[in-house]
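Down below is the structure, laid out as structure tokens.
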Amino acid sequence: MNTPAVASTTTPPHPLLRDPALRKLAKIAPPLFFELVLGIGVGLIGTVLAARVSDNAAAAFALANQVAAMLFILFRIVGAGVTVVITQNLGAQRRAAADAASRAVLGASTWLGIFSAAMAVIFAKQFMQLLNAPPDVLVIAAPFLQMIGLPLLFDAWIASQAAVLRAHMFNRETLAVVLVMHVLHLSLAVLLMYGAGPIPALGLVGFAIAAGVSRFVALMLFLWLWKVRLNIAPQREDWWRIHRDRLAPVLHIGLPGAAENIGYRLAFVVSVAAVGTMGGTALATQAHVLQFNYITLMFGLAIGFSVEIIVGHMIGARKLRDAQHLVRAALALSLGVSLAVAILAALAGPWTLRQFSGDAAIISKGVTLLWLSVILELGRTFNLVVINALRATGDARYPVLAGSTSMLIVLAGGSWLLGVYFGMGLIGVWIAYAADEWIRGLIMWRRWVSYAWLPYAKMSRRRARCEDVATPRP
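Numbered according to my numbering, the sequence shown spans residues 8 to 481.
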């Protein structure tokens with residue numbers, strides 16, 4: 008007797024969850040997101056700790072960290088480039104070439120770190136004067152910048168080691184080390200800044216010492232992970248030797264990426280200068296709203312970096328159609344997440360802004376900007392995902408060349424034109440922000456769907472074949 012078929016009561020998984028590429032994306036994006044959030048959180052907590060010392064200490068902390076963040080962009084030259092080079096080599100089953108690139112970035116990171124630390128130590132006073140630090144802040148900020156400048160060498164090594172681990176998709180292990188580093192940093196900072204028992208209160212000096220100690224510990228942990236997860240044990244010469252042939256493809260990707268970051272920061276500074284002409288209330292409103300925008304930005308960055316890693320593997324494995332499919336699906340996913348987060352931030356705006364300010368004008372204008380940020384953050388997420396996908400194929404120069412025009416005219420120029428000349432204030436500036444992100448995003452999307460990146464992907468594979476040489480292991 009035939010048994011009648013029983014209808015399954017199990018709900019079939021959503022098509023996105025059945026996609027192997029998106030399952031991989033869902034695995035590596037959350038650790039990246041939390042890692043980015045941790046970085047912002049440490050900065051915020053550090054500002055609070057400095058403010059408990061004095062108002063001048065808080066101002067000095069903020070200014071010194073702006074300079075340190077600017078110098079940190081130099082490490083993106085290596086970090087962004089090595090991620091693409093390693094993922095493409097791993098996708099092509101060329102592990103020896105991937106390991107050779109990993110070793111090569113250590114030497115490059117050493118010299119970049121030394122240069123950055125020297126800049127912070129030698130030109131600390133000039134940097135503070137350039138940022139118009141008041142005299143009573145400058146005397147604190149310049150020495151503090153010199154002290155936090157010294158651990159920049161550790162930061163350079165950590166940035167490259169973390170990038171290599173992420174390229175191998177060890178994102179959770181990377182997050183664990185970053186978490187240990189930040190927890191240790193803040194714990195030591197509280198102890199050293201305010202003192203306890205025989206330990207004197209060192210103020211900002213204590214924060215800088217804690218930064219150095221925590222980064223040294225993180226460096227040791229990353230070296231251990233390289234050994235146990237990647238079977239890579241750097242030799243003495245790896246720490247200082249420059250391998251030009253191995254670094255060439257890294258710089259091909261990394262230099263344009265760093266240039267794009269620098270261009271955006273400069274254009275954004277111009278827009279901040281435009282807001283500065285509108286008065287203190289406008290500056291305070293902008294500062295508060297940007298804190299909420301950073302939360303949404305973290306989602307876009309995490310998905311964008313994850314797409315870069317996976318697309319790099321696909322390009323190396325010649326899975327070009329899979330890469331095209333992944334980017335479309337990841338874009339749909341990231342836009343949905345960003346839309347939900349941005350709307351929640353706007354709905355919560357009247358309450359959350361009151362936690363930062365009791366000024367009715369700031370709250371009212373801030374809520375308006377939060378709703379405009381829904382459009383802004385969708386454009387930014389669109390932009391981040393596609394640009395990182397293009398970079399993963401080896402098409403790194405086009406985003407800079409095409410995007411710089413928009414940054415200059417729309418972001419920088421538009422902020423002054425709409426915000427100041429036409430008197431639209433912060434609303435005009437926010438319209439310029441959104442227009443710039445959408446214009447750049449749509450330009451990049453046109454390049455992606457037209458397969459204009461295909462010659463660069465083929466070139467990357469040819470370069471990988473040329474570098475596929477046996478690398479003796481120690």
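All C-beta atoms in this analysis are idealised placements derived from N, C-alpha and C, irrespective of residue type, glycine included.
The structure presented is a predicted model; accordingly, all values stated were derived computationally and were not measured.
Looking at the DSSP output, residue 206 bridges to 203. In this structure, the alpha-carbon of residue 41 lies about 25 Å from that of residue 293. Taking a contact to require three or more Cβ pairs closer than 8 Å, the segment 338-355 and the segment 274-294 do not qualify as touching. By the Cβ criterion, the segment 373-393 is not in contact with the segment 233-249, since fewer than three pairs of Cβ atoms, one from each stretch, lie closer than 8 Å. Rounded to whole angstroms, the gap between the alpha carbons of residue 361 and residue 92 is 47 Å.
Burial state of residue 296 is buried, judged by a 10 Å Cβ sphere holding 16 or more other Cβ atoms. Residues of the same chain with a CB within less than 8 Å of the CB of residue 132, apart from the 5 flanking positions on each side, are 145, 149 in chain order. If you look at residue 235, you'll find it isn't in any alpha helix (DSSP H); DSSP assigns it neither H nor E.
DSSP places residue 116 within a helical segment (H, G or I) once states are collapsed to three. Looking only at 313, 355, 347, the smallest Cα-Cα distance to residue 336 is reached by 313.
Annotation note: the segment 97-154 contains the following uninterrupted alpha helix (DSSP H) runs of length 4 or greater, listed N- to C-terminal: 102-129, 131-137. With fewer than three CB-CB distances shorter than 8 Å, the segment 183-198 does not count as touching the segment 105-122.
A Cβ-Cβ contact shorter than 8 Å links residue 411 with residue 270. Annotation: residue 290 to residue 172 spans about 39 Å, alpha carbon to alpha carbon. Under the criterion of beta carbons closer than 8 Å, residue 315 and residue 399 qualify as touching, at roughly 5 Å.
One alpha carbon belongs to residue 151, the other to residue 87, and they sit about 29 Å apart. Judged by DSSP in its simplified three-state form, residue 432 adopts helix. In the assembly as shown, residue 30 is an exposed residue. Its beta-carbon has fewer than 16 other beta-carbons within 10 Å. DSSP places residue 34 in the uninterrupted alpha helix (DSSP H) bounded by 27-60. A straight-line Cα-Cα distance of about 34 Å links residue 371 and residue 39. Judged by DSSP in its simplified three-state form, residue 250 adopts coil rather than helix or strand. At a cut-off of 3 residues, not a single continuous stretch assigned as beta strand (DSSP E) sits fully inside the segment 358-414.
Around residue 319, the same chain offers 91, 94, 95, 399 as residues with beta carbons nearer than 6 Å, after the five sequence neighbours per side are excluded.
By the beta-carbon neighbour count (other beta carbons within 10 angstroms, threshold 16), residue 392 is buried. Per DSSP, the unbroken alpha helix (DSSP H) holding residue 162 starts and ends at 159-174.
Counted as a single uninterrupted DSSP element, the alpha helix (DSSP H) harbouring residue 304 occupies residues 287-323. Within the same chain, 374, 377 come within 6 Å of residue 356 by CB-CB distance, once the 5 residues on both sides are set aside. The C-alpha of residue 285 lies about 7 Å from the C-alpha of residue 432. In the three-state scheme derived from DSSP, where H, G and I count as helix and E and B as strand, residue 79 is classed as helix.
Taking one beta carbon from each stretch, the segment 222-233 and the segment 159-166 have 3 or more pairs nearer than 8 Å; the two touch.
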